[in-house]
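Heads up, the thing below is written out as structure tokens.
Number of protein chains: 2
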Amino acid sequence: MNPFSGFTLSEGRIECQPVYRIGNTAVTSAEPQPDGPLSPVSASASRSASAQSSGASPRPSTIQDVAREAGVSRAAVSKVIRNAYGVSDKMRAQVEEAIERLGYRPRVAARAMRGASFTLGFEIPQVGNDFLTMIVDGATEALAETPYQMIIAPLGRDQKSDVAINSLADRQVDGIVAISPRVDPAWLERIAERTPVVMIGRHDRSDRYDTITGDDRSGAEQVMSHLVEQGHRRITHLTIHPSRPEPPWAGQAGDEPHVVRTAVYRDRMQALGLEPSVIHTLFDGSEAHATTRKLLDSPEPPTAIFAGNDTLAIGVLSAIAEAGLDERDVSVVGYDDIPIARHPLVSLTSVDQSGVLMGREAARLLLERLEGRTEAVQLQIAATLRERRSSAPPRC
Amino acid sequence: MNPFSGFTLSEGRIECQPVYRIGNTAVTSAEPQPDGPLSPVSASASRSASAQSSGASPRPSTIQDVAREAGVSRAAVSKVIRNAYGVSDKMRAQVEEAIERLGYRPRVAARAMRGASFTLGFEIPQVGNDFLTMIVDGATEALAETPYQMIIAPLGRDQKSDVAINSLADRQVDGIVAISPRVDPAWLERIAERTPVVMIGRHDRSDRYDTITGDDRSGAEQVMSHLVEQGHRRITHLTIHPSRPEPPWAGQAGDEPHVVRTAVYRDRMQALGLEPSVIHTLFDGSEAHATTRKLLDSPEPPTAIFAGNDTLAIGVLSAIAEAGLDERDVSVVGYDDIPIARHPLVSLTSVDQSGVLMGREAARLLLERLEGRTEAVQLQIAATLRERRSSAPPRC
DNA sequence: TGAAGCCGCTGAAAGGATTCATCGTCGGGA
DNA sequence: TCCCGACGATGAATCCTTTCAGCGGCTTCA
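Each protein sequence line maps, in turn, to chains C and G.
Take the first sequence: its letters are residues 1 to 396, numbered as in the working numbering.
Take the second sequence: its letters are residues 1001 to 1396, numbered as in the working numbering.
And the structure:
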């Protein structure tokens, strides 16, 4: 079975909450198709049929129609659209009027076949993650005045980054932003041969793609200094699971941000003669919550928890609050400084590495590449600790 | 100037936070292009040139290459890929082996020209909004086993929904999910003639596109009953600005969720002989925060605030916390039940309308359409009040 | 006045996958 | 042995846009 074919609708509608359906319930072609599992063919076939049956759907106008309407050639219209060289004012006016009259819109698929798709793709490992959202926001802003449209390919459950990146490449996006994905650098370089790539997060260095990283070393140092100065000695570090199995490129090509932060934690603890304690959880806050509860019940709970990112820190905070404790019992520091960290009810100490700036710069780097830059660039964004209420000197 | 042409990179790099740039700074083609402002042409031209200069970039293999490799015709390969009718096991094996050997991936743009793009587009008015995130999560899940890839088109700053929807249509997505956009229903129907559309949120009813709504009436009723039962009388309603100027289709075609919630609020207040007080703010929480501060300083502040959605409610809560007050002073109820509402530090009473379910159903409805359904469907998702700490009986 | 060069525009080819009409082959029944 | 139908595979047409080579007409300069 090749990866592009064959799928079936999972049958049955799961209703965990009442859904009222108005309108038809019967699906026209619900009975098994003659050629086995529902395939894209039958889907597109029946779709076009339905478009006809619902009637009065004039096919959208093409560049040919515009050319006819304006009394010029297809190529001339194309040049007007692309703002290319060699178009008289008169012709431009005629063509633009014709475009207006027909409501013509260039088909991106057709453009992509020869030229550009004017699309920049963002691979986002976790849609709900606020740090990633900041990156998207920054990029959106940077692309506002350009003809480029951003599209986001979210990762499905248990999906690997490379699926989404491939999917973007298949769509012939003009550039790709990949956010700290666990993919083979060599593979990514192969993608980058054809499509400009900016990779955010990992401390990679490549001649083929650009990278943007936060200063994870400095950020983590600041966290540790802050906690130690406050008098904490029993500090636990909570972070996400490392890649399993250990990818062959790990360590060699550059480390993921979380790995760097963890390394700094270990170093600082050992330098102080303290026992490092690192706990790995899933990336969403739920497991961080459960883990923290257990931690609080342990005979000698930590007085401070350094969470690898804010999502984890939020989960940690919820466990602490549920246990009726506060920052005087257990201090918490996160990483990323997502918007909710600033909220007075949360007030989470965190490291600001300006996701918005990262997103903006990522978009810029892609635009530069499209403009012609060929050498790789590495950007590093400074990290700044934002001290808030969640970290305080321990009681005893 | 037509809308598809002409852009320039905004010059100068704004650095509000230190950015360290490693690697080249000079951009190859920074000098003005011969044909005026940098146009997509030159961009793609220089790009391909750079690809050549960096060398060793064999053009990606096509269906033709696979056909040659497997010793069959192009059409045969196409049929294998699409899992279509009339392929012998032997040929399938040969072709799949050839695909494997060449690392062939079908170009989506080319497929879209005749067949399907296997892409479903989501128009998301606000990337950071957690309710919308829940919808995306639900849809991701529903699409996991299908060959369809989801792409998200986020709205740029000050961008209208129709820009993003058009952009998705231009990319020939096979289906569109639009989330409560302020667009003309007639316009949306025109889009829906060619591409299946599911619209989430607005209480529309169309023969051409499907709709999914929450039960905003019931949800708002539950909120008001809850607050009134707790003894609140001075209840202020905070909601987002209505569309300005008033769109010509307002009220006629169906209302936006926020408008329905506000209407219920007004009705209930008036039925109780109380003075309704509605305040409009921007959709992001920041203005809600400022507005609430002012409200708290007023001579007779409300004892409860019913926020039109959770994002606003979070902003309200932050103002209340900053003022050193709590739920006994001012109760807060939101709408959507986003994940952070459950957090013990926030504990926001809210209306759960299951965004995840909405997203899942939206994806399903599109798949049904692609399967052949032609009649429109309306789904309504039940609303359930989740009572939490943020709403409590007033002090006096 | 002739040659050269530029300008504005045009026709045709290219790009990759799908689909339709068509063709060849093989097995089985008469 | 012959014919027919079913099955499998094929070539060509198609989708829409961009790009390239080229073509008149005009200007400029020798």
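Cβ atoms here follow ideal geometry from the backbone N, Cα and C, with glycine treated the same way.
Residue environment, Ala142 (chain C), which counts as buried when at least 16 other CB atoms sit within 10 Å: buried
Residue-level contact to chain G via CB, Asn166 (chain C), 9 Å cutoff: yes
Exposure label - Ser1390 (chain G); buried when at least 16 CB within 10 Å: Buried.
Any chain C beta carbon closer than 9 Å to Ile1176 (chain G): no
For Ile1165 (chain G), the residue or residues it bridges with in DSSP: Its beta-bridge partners do not exist; DSSP assigns none.
Listed by chain order, chain C residues near Arg1021 (chain G) by CB distance under 7 Å: Val377 and Leu379
Sequence-distant residues of the same chain with beta carbon closer than 8 Å to Glu1300 (chain G), five excluded per side: Arg1234
7 Å Cβ cut-off: residues of chain G touching Met150 (chain C): The contacting residues are Pro1154.
Own chain residues within Cβ distance below 8 Å of Val1136 (chain G), not counting five before or after: Phe1122, Ile1124, Met1150, Ile1152 and Gly1359
Backbone secondary structure at Tyr209 (chain C) - three-state DSSP: coil
Neighbouring residues, chain C, relative to Leu1143 (chain G) (Cβ below 8 Å): Gly156
When C:Asp326, C:Asn309 and C:Glu327 are compared against Ile340 (chain C), the one with the closest alpha-carbon: C:Asn309
Contact under 9 Å by Cβ, Val1333 (chain G) with Thr1311 (chain G): no
Residue ranges of each alpha helix (DSSP H) within the stretch 1084–1163 of chain G, 4 or longer: The qualifying runs are 1089–1102, 1108–1114 and 1130–1143.
Validate contact between the stretch 175–194 of chain C and the stretch 321–328 of chain C using beta carbons, cut 8 Å, 3 pairs: As far as the Cβ criterion goes, the stretch 175–194 of chain C does not touch the stretch 321–328 of chain C, which means the pair count is below three.
Any chain G beta carbon closer than 9 Å to Asp130 (chain C): yes
Ser243 (chain C) classed as buried or exposed, judged by whether at least 16 other C-beta atoms fall within 10 angstroms: Only exposed fits Ser243 (chain C), as fewer than 16 other CB atoms lie within 10 angstroms of its CB.
Interfacial residues, the stretch 1090–1108 of chain G to chain C, with Cβ spacing under 9 Å: Arg1092, Val1095, Glu1096, Ile1099, Glu1100, Arg1105, Pro1106, Arg1107 and Val1108
Residue from G:Val1356, G:Arg1395 and G:Ile1381 with nearest C-alpha to Gly1138 (chain G): G:Val1356
Buried versus exposed, by CB contacts within 10 Å (16 or more), Arg114 (chain C): exposed
Alpha helix (DSSP H) segment containing His975 (chain G), residue limits: The structure shown does not extend to residue 975 (chain G), since chain G is modelled only from 1001 to 1396, so the question has no answer here.
Rounded C-alpha distance that separates Gly103 (chain C) from His1280 (chain G): 36 Å
Contact list for Ser1225 (chain G) against chain C, beta-carbon separation under 9 Å: None at all; the shortest Cβ gap to chain C is about 19 Å.
Chain G contacts from the stretch 344–362 of chain C (Cβ-Cβ distance under 7 Å): Pro344, Leu345, Val346, Ser354, Leu357 and Glu361
Assigned secondary structure, Val356 (chain C) (DSSP; H/G/I helix, E/B strand, else coil): helix
Assigned secondary structure, Gly1219 (chain G) (DSSP; H/G/I helix, E/B strand, else coil): helix
Chain-ordered neighbours of Met269 (chain C) on chain G, where CB pairs are closer than 8 Å: Those within 8 Å of Met269 (chain C) in chain G number zero; the least Cβ separation is about 28 Å.
8 Å Cβ cut-off: residues of chain G touching Asp170 (chain C): Arg1105, Pro1106, Arg1107 and Val1108
Pick from G:Leu1365, G:Thr1384 and G:Arg1386 that is closest to Ala1376 (chain G), judged by C-alpha positions: G:Leu1365
Cutoff 7 Å; reference Gly285 (chain C); Cβ partners in own chain excluding five residues on either side: These residues qualify, in order along the chain: Thr311, Leu312, Ile314 and Gly315.
Any 3 or more C-beta pairs closer than 8 Å across the stretch 226–240 of chain C and the stretch 168–179 of chain C: Fewer than three beta-carbon pairs drawn from the stretch 226–240 of chain C and the stretch 168–179 of chain C are found closer than 8 Å, and the two stretches are therefore not classed as touching.
Buried versus exposed, by CB contacts within 10 Å (16 or more), Gln1270 (chain G): exposed
Nearest-angstrom Cβ-Cβ length linking Ile212 (chain C) and Ala383 (chain C), presumed shorter than 8 Å: No, Ile212 (chain C) and Ala383 (chain C) are not in contact; Cβ-Cβ is about 13 Å, not under 8 Å.
Arg1171 (chain G) and Ala109 (chain C) closer than 9 Å at C-beta: The beta carbons of Arg1171 (chain G) and Ala109 (chain C) sit closer together than 9 Å.
Proximal chain G residues relative to Ala321 (chain C), where beta-carbon distance stays under 7 Å: Pro1344 and Leu1345
Sheet register partners of Gly1175 (chain G) (DSSP bridge): G:Leu1120
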